[in-house]
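Notes for the one structure printed next.
2 protein chains.
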Amino acid sequence: MELWFTEKQTPEFGITAKIRETLVTEKTEYQDLALIDTEEFGRMLVLDGMVMTTVKDEFVYHEMAAHPALVTHPDPKQVLVVGGGDGGVIREVIKHPQVEKAVLAEIDGKVIAYSKQYLPEIAGQLDHPRVDVQVGDGYMHIIQSKDKYDVIIVDSTEPVGPAAPLFERGFYQGIHEALKEDGIFVAQTDNPWFKADLIQKVNRDVKDIFPIVRVYGANIPTYPSGLWTFTMGSKKYDPLEVEEASVPELDTRYYTPRLHRAAFVLPRFVEDLLK
Amino acid sequence: MELWFTEKQTPEFGITAKIRETLVTEKTEYQDLALIDTEEFGRMLVLDGMVMTTVKDEFVYHEMAAHPALVTHPDPKQVLVVGGGDGGVIREVIKHPQVEKAVLAEIDGKVIAYSKQYLPEIAGQLDHPRVDVQVGDGYMHIIQSKDKYDVIIVDSTEPVGPAAPLFERGFYQGIHEALKEDGIFVAQTDNPWFKADLIQKVNRDVKDIFPIVRVYGANIPTYPSGLWTFTMGSKKYDPLEVEEASVPELDTRYYTPRLHRAAFVLPRFVEDLLK
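From first to last, the protein sequence lines are chains A and B. Under this note's numbering, the residue at position 260 of the first sequence is numbered 260, and the numbers go up by one with no gaps. Under this note's numbering, the residue at position 235 of the second sequence is numbered 1235, and the numbers go up by one with no gaps.
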């Protein structure tokens, strides 16, 4: 008997992966959570039916969520990750020695607990002494923080369910206030093939609030369309002014000094979305 | 009743697309051919169960197969496309006014005929006066051509079935001889997530024959992993020495002057494959 997991990435298109073993299926307080061991991508975290991360390709998302902003900021001491309970972004954040404290604000404690249990390659740094894990509402954490962070990374699910408020204009205003005067934030902003409207809306909202707004892409095989975007809003520093020679050589599998600026060069149809 | 087309991109992973209408299913002399109208990607050409092109995302592959080499060569007059019976690469080739003649050598006349009938947006330039369509074996065409072409583009299927010889070392040697003394060729070389061995093998073979070898990538949602690679072998001109300001503004939806060099900046795990 063969068991396959299928995610409908749109109502009319999906990916399908052969299952080796189903480890967890649970309705948490916030969402449907599954941990599946797949033949092609290894262990896979699924929330509300959507692939969040897999052992085989997780490094792309986690590196590309963390390093472009942390390299652009000259001295990122205080960092906040909103969401990201699997711990992958945190693992990348603490590769930067200037980071004194990395706070994780994840609403669903079950995501953290199961990631620690089943995804140790990803979640293994959540107990690091420079990491402060706070189980709670990231939106509230943002609203209650003023002039506090150098870098904020929004590692949310899609804008349905618990993450919906994290795509509202008011949230970006809150982020602006939670950042120091030279702070930078970055958010995952889905893909341009199926969610062009979302990318456009976030781009407009962030441009109203931050003087420097840049969008970059990364190839993630298990995410819809394989081309994922991130939107960066910055008060002072421009990622495109970072010289390749000044980018530190980090222990990475995707991000490189050469890729830092190249990732911001987008296909014409994506450039056109952002005009 | 819902009908879905599923391509197993590996034995354990695939994509699945809801079908609006099945237009053609036929066993040609060379392969299984299907033309399906899908809800998400529009009409789709499928050969031996593998998606070759779709109306929604075809522009990425066709532009990226054609323009980097044609822009790198300062005066591409004689161009050969091996395979590519859907006509998409030819459509891009003739956007370059210097091209005097674009020869298409496609082994399967049925691909050409059905593409003209069902994919006119893609195949519509096959009757252009500067295009010479030859139904026949591309390998033999290469072997019989000496010092003839400025640019050769290999638009093949995967290295199974009729396209298998197009990934052999002897084929690249034949291409070298079919090119003029300053010629350039480019071939599609699959994806680095599932076919790393193939990319490595082609890279080694081409490096033995051509002094300049470069690999670049493009995001194609319906191709395995969403990250497709192309390998370019050049006798004289280096695509990385092309200045952005000298790239013509073509009528494209993916390729841009800005992307010309950025497409060659690869993730670290792909760089490592090519060492």
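Don't be surprised by glycine CBs; every beta carbon is placed ideally from N, CA and C.
Could you check where the alpha helix (DSSP H) with T72/A kicks off and where it finishes?
Start and end: E58 to T72.
Three-state secondary structure (DSSP) at G1136/B?
Of the three classes helix, strand and coil, the one that applies to G1136/B here is coil, per DSSP.
Pick helix, strand or coil for G1183/B, following the three-state DSSP scheme.
Looking at G1183/B - three-state DSSP - the assignment turns out to be strand.
Just verifying my parser: in three-state terms, what is the DSSP assignment at D272/A?
Helix at D272/A.
Give the C-beta separation of G109/A and S1225/B to the nearest angstrom, bearing in mind that I take them to be a contact with Cβ-Cβ under 8 Å.
Their Cβ separation, rounded to whole angstroms, is 33 Å, which puts G109/A and S1225/B out of contact at 8 Å.
Taking only beta-carbon atoms, is F185/A less than 7 Å away from chain D?
No chain D appears in the structure shown, which is made up of the protein chains A and B.
DSSP on L198/A, reduced to helix/strand/coil?
Helix at L198/A.
Taking 8 Å as the cut-off, does the stretch 1058-1068 of chain B touch the stretch 1083-1098 of chain B (at least 3 CB pairs, one atom from each stretch)?
Result yes; three or more Cβ-Cβ pairs closer than 8 Å.
Interface residues of chain B around A66/A at Cβ under 7 Å?
Correct list: empty, because the minimum Cβ distance to chain B is about 15 Å.
How many Å lie between Q173/A and K1095/B at the Cα?
C-alpha separation (whole angstroms): 46 Å.
Among the candidates H1260/B, D1155/B, D1132/B and K1207/B, whose CA atom is the shortest distance from the CA of D1190/B?
Among H1260/B, D1155/B, D1132/B and K1207/B, the Cα nearest to that of D1190/B is on D1155/B.
Report the residues of the stretch 217-228 of chain A with a CB closer than 7 Å to any CB of chain B, ordered along the chain.
So the list reads N219, P221, S225, G226 and L227, given in the order they occur along the chain.
Mind checking whether the beta-carbon of V242/A lies closer than 6 Å to any heavy atom of the ligand ZN?
In terms of ligand content, the structure shown is empty, and the ligand ZN therefore cannot be addressed.
Exposed or buried, what is Q31/A when buried is set at 16 or more other beta-carbons lying within 10 Å of its beta-carbon?
Q31/A is buried by the Cβ-count criterion.
Helix, strand or coil: how does DSSP classify K110/A here?
Here K110/A sits in helix by DSSP.
Which whole-angstrom value is the C-beta distance of L1119/B and V1055/B, which I expect to be below 8 Å?
Indeed they touch by this definition, with Cβ atoms about 7 Å apart.
What residues from chain B crowd round I199/A, counting only those whose CB sits closer than 8 Å?
Residues of chain B passing the Cβ test: none, with the nearest at roughly 14 Å.
Just confirm the distance between the C-beta atoms of E12/A and E1039/B, as a whole number of angstroms; I'd bet it's less than 8 Å.
Confirmed, about 4 Å.
Strictly by DSSP, which residues pair up with L1080/B?
For L1080/B, which the question treats as bridged, DSSP gives the partners V1103/B and I1152/B.
So which residues on chain A does F1253/B lean against when the C-beta distance must stay under 9 Å?
Checking the displayed sequence, the identity of residue 1253/B turns out to be Arg instead of Phe. Those are P267, R268, F269 and D272, listed as they occur along chain A.
Assign R261/A to one of two classes, buried (16 or more other C-beta atoms within 10 Å of its C-beta) or exposed (fewer than that).
That one is buried.
Specify the secondary structure class of F1171/B as computed by DSSP and reduced to three states.
F1171/B: helix per DSSP, three-state reduction.
Can you have a look at A218/A and say buried or exposed, based on whether 16 or more other CB atoms are within 10 angstroms of its CB?
Answer is buried; the Cβ neighbour count reaches 16.
Below 8 Å between beta carbons is the criterion; list the residues of the stretch 1235-1260 of chain B that meet it against any residue of chain A, in chain order.
So the list reads T1252, R1253, Y1254, Y1255, T1256, R1258 and L1259, given in the order they occur along the chain.
Taking D1182/B and K1235/B to be in contact with their CB atoms under 8 Å, please state how far apart those CB atoms are, rounded to whole angstroms.
About 6 Å separates the two Cβ atoms, so the contact holds.
Where does R130/A sit, in a helix, a strand or coil, going by DSSP?
It is coil, neither helix nor strand.
Identify the contact partners of A262/A in chain B, using a Cβ-Cβ distance below 7 Å as the criterion.
In chain order: A1262 and V1265.
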